[in-house]
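First up is the structure itself, then whatever we jot down about it.
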Amino acid sequence: MSADSARRVEVYPGREVVVEFDPDLTFECVEECTWCCHHGVLLYDRDLLELAQRATLAETTTDFRGEKFVTREEKSRDDHVGEDGHACAFLRDDGLCTLHLEEDWKPTRCSVFPLGVWLDEGDLHVDIRESAHDHCDGLDVSDRRVIDNLEAFLPELLWELENPDSDRVL
Numbered sequence: 009m010s011a012d013s014a015r016r017v018e019v020y021p022g023r024e025v026v027v028e029f030d031p032d033l034t035f036e037c038v039e040e041c042t043w044c045c046h047h048g049v050l051l052y053d054r055d056l057l058e059l060a061q062r063a064t065l066a067e068t069t070t071d072f073r074g075e076k077f078v079t080r081e082e083k084s085r086d087d088h089v090g091e092d093g094h095a096c097a098f099l100r101d102d103g104l105c106t107l108h109l110e111e112d113w114k115p116t117r118c119s120v121f122p123l124g125v126w127l128d129e130g131d132l133h134v135d136i137r138e139s140a141h142d143h144c145d146g147l148d149v150s151d152r153r154v155i156d157n158l159e160a161f162l163p164e165l166l167w168e169l170e171n172p173d174s175d176r177v178l
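For the sequence shown, our numbering assigns the number 9 to the initial residue and increments by one for each residue that follows.
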């Protein structure tokens, strides 16, 4: 989508985002796809507080370049891991997330996927992550238009962050 066709959408009262993707794009997680779980999950400060209520941070987080991430660990199922045989510490052997299923909670970065977010001249922008186009099986497989469900992908916390850039990975 070109800059001329980008559109502003109010996600929360007084909280807008500049949408850079095709408004007809749909997304729904599909069974057995755990591609987004192969990468390190960046944890913002509020995520750390939430995670501390659900898990031991010393066992489930790691520091990388001054930021906290969920630990990646070796997994036994080849179909649920990255090229290095590792995935998110909370990914169960059945390919489901412990935090989402058992705690009814997701870190901000997990909610955002498959979107990428960044600030530009004070505006929060959102697009589909380039890597999602290559690896995510959930794009354009349902009737759930992303643009109509932005609040499900974009926690309000993102507007409060100094750097919500979603390109930072472990």
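Idealized CB from N, CA, C, for every residue including glycine.
If we ignore side chains and look at the alpha-carbon of each, how far apart do residue i and residue j end up?
i, j, result
"Ser10", "Ile136", "At Ser10 the pLDDT is 49, less than 50, meaning the model places this residue with poor confidence; the figure from the coordinates comes in the next sentence. Approximately 13 Å between the Cα atoms of the pair."
"Leu165", "Thr116", "8 Å"
"Leu99", "Glu39", "13 Å"
"Arg54", "Asp148", "31 Å"
"Gln61", "Ser119", "18 Å"
"Thr239", "Pro21", "With the chain covering only 9 through 178, there is no way to say anything about residue 239."
"Thr69", "Asp32", "37 Å"
"Thr64", "Asp71", "14 Å"
"His143", "Gly124", "14 Å"
"Ser13", "Lys83", "43 Å"
"Leu132", "Asp112", "26 Å"
"Leu104", "Glu170", "31 Å"
"Leu178", "Arg15", "31 Å"
"Cys41", "His94", "15 Å"
Residue i: which of the options sits nearest, CA to CA?
i, options, result
"Gly90", "Glu58, Gly48 and Glu28", "Gly48"
"Val17", "His141, Leu158, Glu168 and Cys45", "Leu158"
"Ser150", "Thr34, Lys83 and Cys96", "Thr34"
"Ala97", "Leu59, Val134 and Pro21", "Leu59"
"Phe161", "Ser13, Arg15, Ala14 and Val27", "Val27"
"His108", "Gly74, Arg80, Cys45 and Gly22", "Cys45"
"Asp126", "Leu178, Ser174, Glu24 and Ser13", "It should be pointed out that residue 126 corresponds to Trp in this sequence rather than to Asp. Closest option to Trp126, Cα to Cα, is Ser174."
"Asp128", "Glu24, Val19 and Tyr20", "Glu24"
"Leu50", "Lys114, Ile155, Phe29 and Arg152", "Lys114"
"Pro122", "Trp43, His94 and Lys76", "Trp43"
"Asp30", "Leu169, Leu104 and Ile155", "Ile155"
"Glu81", "Arg73, Gly74, Gly103 and Asp92", "Asp92"
"Asp67", "Thr79, Gly130, Pro172 and Glu168", "The question names Asp, but residue 67 in the sequence shown is Glu. Among Thr79, Gly130, Pro172 and Glu168, the Cα nearest to that of Glu67 is on Thr79."
"Val19", "Pro172, Gly146, Pro163 and Gly74", "Pro163"
"Glu36", "Gly74, Trp167, Arg176 and Asp145", "Asp145"
Using DSSP bridges, identify the partner residues of residue i.
i, result
"Asp71", "Lys76"
"His94", "Glu82"
"Arg23", "Tyr20"
"Phe35", "Leu147"
"Leu50", "Phe77"
"Arg15", "Val27"
"Leu158", "BP columns for Leu158 are empty, so no partner."
Identify the continuous alpha helix (DSSP H) that holds residue i and give its terminal residues.
i, result
"Val177", "Segment: none, Val177 is in no alpha helix (DSSP H) and carries neither H nor E."
"Glu111", "Thr106 to Glu111"
"Glu164", "Element bounds for Glu164: n/a, residue is neither H nor E."
"Ala60", "Asp53 to Ala60"
Let's see if you can read the secondary structure: which residues bound the beta strand (DSSP E) around residue i?
i, result
"Arg117", "No beta strand (DSSP E) holds Arg117; the alpha helix (DSSP H) holding it covers Thr116 to Val120."
Report task. Within the region 122 to 154, note down every full alpha helix (DSSP H) run reaching 4 residues or more, in order along the chain. Result -> Here the runs fully enclosed are 138 to 143.
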